[in-house]
Amino acid sequence: MNIEVLDKINALEEKYCQGCLLKELNRADGSKTAAHNFCIHECSVGIAIRSHGNELQ
Numbered sequence: 074m075n076i077e078v079l080d081k082i083n084a085l086e087e088k089y090c091q092g093c094l095l096k097e098l099n100r101a102d103g104s105k106t107a108a109h110n111f112c113i114h115e116c117s118v119g120i121a122i123r124s125h126g127n128e129l130q
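Going by the numbering used here, the letters in the sequence shown line up with residues 74 to 130, in that order.
1. Using a 10 Å radius around the Cβ and a threshold of 16 neighbouring Cβ atoms, would you call residue 96 buried or exposed?
2. CB residue 85 to CB residue 121, shorter than 8 Å?
3. Once DSSP output is grouped into helix, strand and coil, what is the label at residue 129?
4. Would the beta-carbon of residue 125 fall within 8 Å of that of residue 88?
5. Looking only at its own chain, which residues have a Cβ that is under 8 Å from the Cβ of residue 75, when we skip the five neighbours before and after it?
Below, the structure written as structure tokens:
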């Protein structure tokens, strides 16, 4: 089961997060921490990744 969840997380990250323009803009305007915070709390893909991550706990 954990492998399936990790595969889902990796697929989302590879498809949507690598090269994300919003992530790059947030890094340029703020900091790496601000970009990370945006991705986890405001981005729909980040929220989906976080929910899958909660399944691992």
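Ideal placement from N, C-alpha and C gives every residue a C-beta, glycine not left out.
Quick look at the numbers:
1. buried
2. yes
3. coil
4. no
5. 129
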